[in-house]
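First comes the structure, then the notes that go with it.
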Amino acid sequence: MKPDLKQIQQPIATEMVEFEKKFRDFMKSKVKLLDHITSYIVKRKGKQMRPMFVFLTAGVSGQITEASYRGAALIELLHTATLVHDDVVDDANYRRGFFSINALWKNKIAVLVGDYLLSRGLLLSVDNGDFELLRIVSHAVREMSEGELLQIAKARKLDITEEVYYKIIRQKTASLIASCCAVGAATSGANPEFVEKMRDFGEKVGMAFQIKDDLFDYGEDEIGKPVGIDIKEKKMTLPLIYALNNASWLDKKKIIYLIRNKNEDKKAVNEVIDFVKKSGGLDYANKVMNTYFEESLALLNEFPDSEYKTSLEGLVRYTIERKK
Numbered sequence: 001m002k003p004d005l006k007q008i009q010q011p012i013a014t015e016m017v018e019f020e021k022k023f024r025d026f027m028k029s030k031v032k033l034l035d036h037i038t039s040y041i042v043k044r045k046g047k048q049m050r051p052m053f054v055f056l057t058a059g060v061s062g063q064i065t066e067a068s069y070r071g072a073a074l075i076e077l078l079h080t081a082t083l084v085h086d087d088v089v090d091d092a093n094y095r096r097g098f099f100s101i102n103a104l105w106k107n108k109i110a111v112l113v114g115d116y117l118l119s120r121g122l123l124l125s126v127d128n129g130d131f132e133l134l135r136i137v138s139h140a141v142r143e144m145s146e147g148e149l150l151q152i153a154k155a156r157k158l159d160i161t162e163e164v165y166y167k168i169i170r171q172k173t174a175s176l177i178a179s180c181c182a183v184g185a186a187t188s189g190a191n192p193e194f195v196e197k198m199r200d201f202g203e204k205v206g207m208a209f210q211i212k213d214d215l216f217d218y219g220e221d222e223i224g225k226p227v228g229i230d231i232k233e234k235k236m237t238l239p240l241i242y243a244l245n246n247a248s249w250l251d252k253k254k255i256i257y258l259i260r261n262k263n264e265d266k267k268a269v270n271e272v273i274d275f276v277k278k279s280g281g282l283d284y285a286n287k288v289m290n291t292y293f294e295e296s297l298a299l300l301n302e303f304p305d306s307e308y309k310t311s312l313e314g315l316v317r318y319t320i321e322r323k324k
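According to the working numbering, the sequence shown is numbered sequentially starting from 1.
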């Protein structure tokens, strides 16, 4: 049966409503312009999968506490700050179908808003003595920054290996979902060993999540981002890496030339997409994604049965079966 987010949320429906109220309060400011912008951010929220991971893992690990709300808010604040800054770096005018902060209020204000969100997250933890949560999430933010920089460096040379690709997505994407699960466990009163197991679970989910995202670039589903955008940005994703590794020297040289010099040409981008499809790149990426998915479920099955566990499994399935 296809996973449904509303159904998945059922065990934590009350917590999610309460979280939204608390999150709005955490973002409030006495500066009118800032309050106006943060209200805009709250209104265009996404699926809220990160808070869901926090609350469901807290439920699986022990119980949802007041610290769970603060942990979920800390992750959302820091993550939102990185997205606002990313849009400035990428000169992006849209985020989830809405105008980005930098498109509406220009770069300088967007950078300052990102800084404000970051400081609110840090102060939320410091003021409540949540130093372990701060450690978990700060580690993830550092990993995300390193992963982005590594990807940029590799995009210039187009020499990324499969091993380096896994390192990039582990840092860029999986580290944040891993921190959601670690925070959920840490706020439930679980012991350090349990917290680490939940972190490992989240990392595997995050790896599967990012590979699914990379598959969207080849037009397998109707999605929010344009087909071929990763190729245009010279991002070497798993389907492309596999295809190049199994190509003849001549084909490899040709495809790398197209990515390096013709990445803005729609015809050339489509040629790269066709090459990847014919080379079995999508099948291979799907296989790897499903391996991470199965490994995450194997870890989850070690925990006692509960409604939280059932929903957490549904959320994991949603990450690889989603259409956008």
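Built from N, CA and C at the ideal position, the CB exists for glycine as well.
What you are looking at is a predicted structure, and each value in this text was computed from that prediction instead of being measured.
query: Taking the alpha helix (DSSP H) that E233 belongs to, which residues open and close that run?; result: No alpha helix (DSSP H) contains E233, which DSSP labels as neither H nor E.
query: May I ask which residues mark the beginning and end of the alpha helix (DSSP H) holding E146?; result: F131 to K157
query: What residue range does the alpha helix (DSSP H) around A182 cover?; result: S175 to A186
query: Going by Cα to Cα distance, which pick from A174, A298, A247 and Y165 is closest to K277?; result: A247
query: When you compare only the Cα positions, how much space is there between E295 and M198?; result: 12 Å
query: Can you list, in chain order, the residues of its chain with a C-beta nearer than 7 Å to that of I320? Leave out the 5 residues immediately preceding and following it.; result: A208, K212, M289 and F293
query: Are G129 and Y308 touching if we call contact CB-CB under 8 Å?; result: no
query: Could you tell me if A190 is buried or exposed, where buried requires 16 or more neighbouring beta carbons within 10 angstroms of its beta carbon?; result: buried
query: At what residues does the alpha helix (DSSP H) containing T161 begin and finish?; result: Here T161 belongs to no alpha helix (DSSP H), and DSSP marks it neither H nor E.
query: Just reading off the alpha helix (DSSP H) that T291 is part of, what are its end residues?; result: G281 to L300
query: Return the CA-CA distance between I101 and R44, expressed in angstroms with no decimal places.; result: 11 Å
query: In this structure, how does DSSP classify N191 when only helix, strand and coil are distinguished?; result: coil
query: Return helix, strand or coil for K225, following the three-state DSSP convention.; result: Residue placement at K225 is flagged as unreliable, the pLDDT there being 48, under the threshold of 50; the coordinate-derived value follows with that caveat. Residue state, collapsed to three classes: coil.
query: Helix, strand or coil for L107, going by three-state DSSP, please let me know.; result: The sequence given here has Asn at residue 107, not Leu. It is helical.
query: State the Cα-Cα distance for the pair G62 and M16, rounded to the nearest angstrom.; result: 18 Å
query: What is the residue span of the alpha helix (DSSP H) that T14 lies within?; result: A13 to M27
query: When you compare only the Cα positions, how much space is there between R50 and L250?; result: 44 Å
query: Quick check: the Cα distance between L299 and V111, rounded to an integer number of angstroms?; result: 39 Å
query: Could you give the distance in angstroms between the alpha-carbon of L117 and the alpha-carbon of G280?; result: 43 Å
query: By Cβ distance, which residues of its chain are closer than 8 Å to I12, with the 5 residues on each side in sequence left out?; result: M52, F55, L56, G59, I64, Y308 and S311
query: May I have the straight-line CA-CA distance separating D283 from A186, to the nearest angstrom?; result: 37 Å
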